[in-house]
Amino acid sequence: GLGRPDARGERARPRGAVVAGALPPAERLIDNGAARTLTITGSGLGGVLHMLDVDRLKLLNDAHGHLAGAEAVRTVGRIIASQVSCDAVACRYGGDEFVIALPRCSEAGGRAFADNLRHAVWATAPVLAGQPLPVRTLSVSIGLACQSFASQAGSCSDVEHGEELFRAADRALYQAKQLGRNHVCVA
Numbered sequence: 006g007l008g009r010p011d012a013r014g015e016r017a018r019p020r021g022a023v024v025a026g027a028l029p030p031a032e033r034l035i036d037n038g039a040a041r042t043l044t045i046t047g048s049g050l051g052g053v054l055h056m057l058d059v060d061r062l063k064l065l066n067d068a069h070g071h072l073a074g075a076e077a078v079r080t081v082g083r084i085i086a087s088q089v090s091c092d093a094v095a096c097r098y099g100g101d102e103f104v105i106a107l108p109r110c111s112e113a114g115g116r117a118f119a120d121n122l123r124h125a126v127w128a129t130a131p132v133l134a135g136q137p138l139p140v141r142t143l144s145v146s147i148g149l150a151c152q153s154f155a156s157q158a159g160s161c162s163d164v165e166h167g168e169e170l171f172r173a174a175d176r177a178l179y180q181a182k183q184l185g186r187n188h189v190c191v192a
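First residue of the sequence shown: 6, per our numbering; consecutive thereafter.
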């Protein structure tokens, strides 16, 4: 099952579901297993797992309050939901972290998606806790890892299991943050 309710007491929604602009919690993706999520299409191709984090959320909370921080996370969730295709799986993973699985996606396609998403967040002029803020207020760091493609060996790191895929994407996320945030890194 999907397990624990989220902070609002709601259980995770089906793939692709968006509730009031927020993404479902990650239990859905984790319960299904990232590797299975990427290969369940039956195409024999792999895909790309993205982990992303809202940059400098603590500073935003300190400057504008926790309601503004919560709205920043919801805003990023809405932007993600507007960018993903219907066969993608996008979930909130933690407080300010998200996971996006793109099946049948190459490393180049995953990188392009991540760059477009990062730019969409950066170009948003959010209204947080009723206060309009300028563009470039929000940014995200994104790490991505590829599940190998059966027909294109060597195009991505050979990550066979879901946990390894998550670990690789997480390492790439921390690398993006170490570069100064608002970056995309590939495992």
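By construction, the Cβ of each residue, glycine as well, lies at the ideal position given by its N, Cα and C atoms.
{"query": "Where Ser-90 sits in the DSSP three-state scheme", "result": "coil"}
{"query": "Sub-8 angstroms separation of Leu-149 and Val-81 beta-carbons", "result": "no"}
{"query": "Classification of His-71 by the beta-carbon crowding that lies within 10 angstroms, buried from 16 upward", "result": "exposed"}
{"query": "Cα-Cα separation between Lys-182 and His-188, rounded to whole angstroms", "result": "7 angstroms"}
{"query": "Neighbourhood of Asn-66 by C-beta distance below 8 angstroms, restricted to the same chain and skipping five residues each side", "result": "Ala-73, Gly-74"}
{"query": "Thr-129 CB to nearest heavy atom of the ligand PLP below 7 angstroms", "result": "This structure simply doesn't include the ligand PLP, nor any ligand for that matter."}
{"query": "Sheet register partners of Cys-110 (DSSP bridge)", "result": "Bridge partners of Cys-110: none, in fact."}
{"query": "Between the CA atoms of Glu-112 and Pro-139 - distance to the nearest angstrom", "result": "32 angstroms"}
{"query": "Outcome for Leu-184 when other beta-carbon atoms lying within 10 angstroms are tallied against a minimum of 16", "result": "exposed"}
{"query": "Whole-number beta carbon distance between Asp-58 and Asp-120, since they are thought to touch under 8 angstroms", "result": "16 angstroms between Cβ atoms; not a contact."}
{"query": "Span separating the alpha-carbon of Pro-137 from that of Arg-123", "result": "20 angstroms"}
{"query": "Cα-Cα separation between Arg-79 and Cys-96, rounded to whole angstroms", "result": "12 angstroms"}
{"query": "Asp-58 in three-state terms, based on DSSP", "result": "strand"}
{"query": "Inter-residue Cα distance where the pair is Gly-52 and Lys-63", "result": "32 angstroms"}
{"query": "Neighbourhood of Gly-114 by C-beta, 8 angstroms cutoff - its chain only, sequence neighbours within 5 removed", "result": "Val-53, Leu-107"}
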